[in-house]
Amino acid sequence: MLAVAFVFLAYVLSRTQQYKWGALLLIVVPIIAVIGVLLTSTAALTGNVAFFFMSISITLASLLLGARETVISGAVCAVLAVLIFLTHGNGEPIDWSVVSFYVVIAGTTSIVSDIRDRNLRALESSQKDLQKQVVETQAARDQAERSDKVKSAFLASVSHELRTPLNAIINYTKFVVRGMMGTVNERQQESLNKVIESAKHLLNLINDVLDISKIESGSLNLFIEDNVDLKEMFDAVKSMADTLIEDKPVKVELTMDDQLPLVSLDRQRVYQIMLNLVSNACKFTKEGHIAISVRKTDDKIHVEVEDTGAGIAVEEQSEVFKSFKQTQTGLQQGTGTGLGMPISKSLAEAHGGRLWFTSTQGKGSTFFVELPIKTQMQTPVAVPA
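Written out as structure tokens, the structure is:
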């Protein structure tokens, strides 16, 4: 009954998170059972039964506690084994092999227990280090996100402040070119037109920086219009392409389905996407053709812009949609910021569509855009770097 009480008490202690005390009680239960028999019985004790009970004590000590407790348990069992032979052995000599058995078992299990404890301590240390690294990584990530938001806000603010005086420069220069401020000769007009051209180029760069900063901060929203006529939009895109080609031996072709539906989208942003694709094609195509095709496929509008330009090397194709990244061909052109494609991809995905391309170096590229006929209002997200 005492052994049963000890087991119950050990269970209660473990439920109250007093694990060590509960383990100690479980370990002493087999020893107490053997001692109880020794004290209450004068008959010969069946050695195998006693030895079995005491070996349970050593096993429990190695499993539940540490090496020290295992050694102590083994020593107690060895002493009890000697007492059993002396008091209940019917005059038989002490079987030292039994005592040695407990010593060997205790020594072996204590070593195993020590190895286990060392591994557990190493594991706990590794877990603490990992938790520390996770906390540090999260803190660094939070700091990076805060810094990125500050950077985006700063770029947006600066870009916005630069656009106002730059627009004024462009407009007032146009007034001068038109003779509204007095007569200007041909040489002066040529110089002033170069000023306007450079100012417009700078304005486009500023607009790109402003757009990417708004996209990264999640503050650029689409303004969806219903019943947008794609024919009108792509006629304007082709007209712009004809202007950008200038006198290069490049033919610009536009093919559209006869029955293109009216669509719902952000007219300005989709025009921006198409202008980016076409202007890139015009920039990198020295001769050949640029083919723009627009067709309806299921519930989507499918656009292709194919050129016979320089193409993009395989190892550089992963850089095309990364902010501020340019291919070797783009760097040789010496213009742009590397923002046009990332902005275009983000805007296409914000419409619920997608933008991708295929390219062969030396043969040309084809960019594909798919847009839904009915666009749901969404917020553009930055393309992962």
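The numbering used here numbers the first residue of the sequence shown as 14 and each following residue consecutively.
Yeah, the Cβ is synthetic: ideal placement off N, Cα and C, and Gly gets one too.
| Query | Result |
| --- | --- |
| According to DSSP, simplified to helix, strand and coil, what is ASP248? | helix |
| Cα separation between ILE85 and ASP130? | 17 Å |
| Just how far apart, CA to CA, sit LYS387 and VAL276? | 6 Å |
| Whose C-beta lies closer than 6 Å to the C-beta of VAL171 among residues of the same chain, with five residues either side of it excluded? | none |
| At a threshold of 7 Å, does VAL117 count as lining the ligand MN (C-beta to nearest heavy atom)? | In the structure shown, the ligand MN is absent, as is every other ligand, since no ligand is present at all. |
| SER292 to SER359, Cα distance in whole Å? | 18 Å |
| Tell me, to the nearest whole angstrom, how far the beta carbon of GLY301 is from that of THR321; I am working on the premise that it is less than 8 Å. | 3 Å |
| Would the segment 121-136 and the segment 148-168 be scored as touching if the rule is three or more Cβ pairs under 8 Å? | no |
| Compare the C-alpha of ALA212 against each of GLU203, ARG200, ILE183, GLU229 and name the closest. | ILE183 |
| Determine the DSSP secondary structure at GLY377, reduced to helix, strand or coil. | strand |
| Just to confirm the assignment, what range does the beta strand (DSSP E) spanning HIS315 have? | 313-320 |
| Does the Cβ-Cβ distance between VAL307 and MET269 come in under 8 Å? | yes |
| Look at the alpha carbon of LYS296 and the alpha carbon of SER372, and state the distance between them as a whole number of angstroms. | 15 Å |
| I'd like to check one pair, ILE44 with SER68: are the Cβ atoms closer than 8 Å? | no |
| Among all the DSSP beta bridges, which residues are the ones paired with HIS302? | LYS264 |
| Enumerate in chain order the residues of its own chain whose CB-to-CB distance from ALA398 is below 6 Å, with the five nearest sequence positions on each side excluded. | Any reading at ALA398 must be qualified, since the residue scores a pLDDT of 47, below 50, and its modelled position is unreliable; the value itself is stated next. Correct list, in chain order: LYS335. |
| Could you tell me whether the segment 236-246 touches the segment 196-203, using the rule of 3 or more Cβ pairs below 8 Å? | no |
| Would DSSP call LYS387 helix, strand or coil? | strand |
| Just to confirm, is the Cβ distance from ILE356 to THR340 under 8 Å? | no |
| Suppose you measure from the CA of LYS191 to the CA of LEU215; what does that come to, to the nearest Å? | A quick correction: the sequence has Arg, not Lys, at residue 191. Between ARG191 and LEU215, the C-alpha separation is close to 22 Å. |
| Between which two residues does the beta strand (DSSP E) containing SER277 stretch? | 276-278 |
| Would DSSP call LYS162 helix, strand or coil? | helix |
| Along the chain, where does the beta strand (DSSP E) containing ASN240 start, and where does it finish? | 238-241 |
| Assuming contact is defined by CB atoms lying nearer than 8 Å, are PRO262 and ASP312 in contact in what I supplied? | no |
| Could you give the distance in angstroms between the alpha-carbon of VAL92 and the alpha-carbon of LEU143? | 46 Å |
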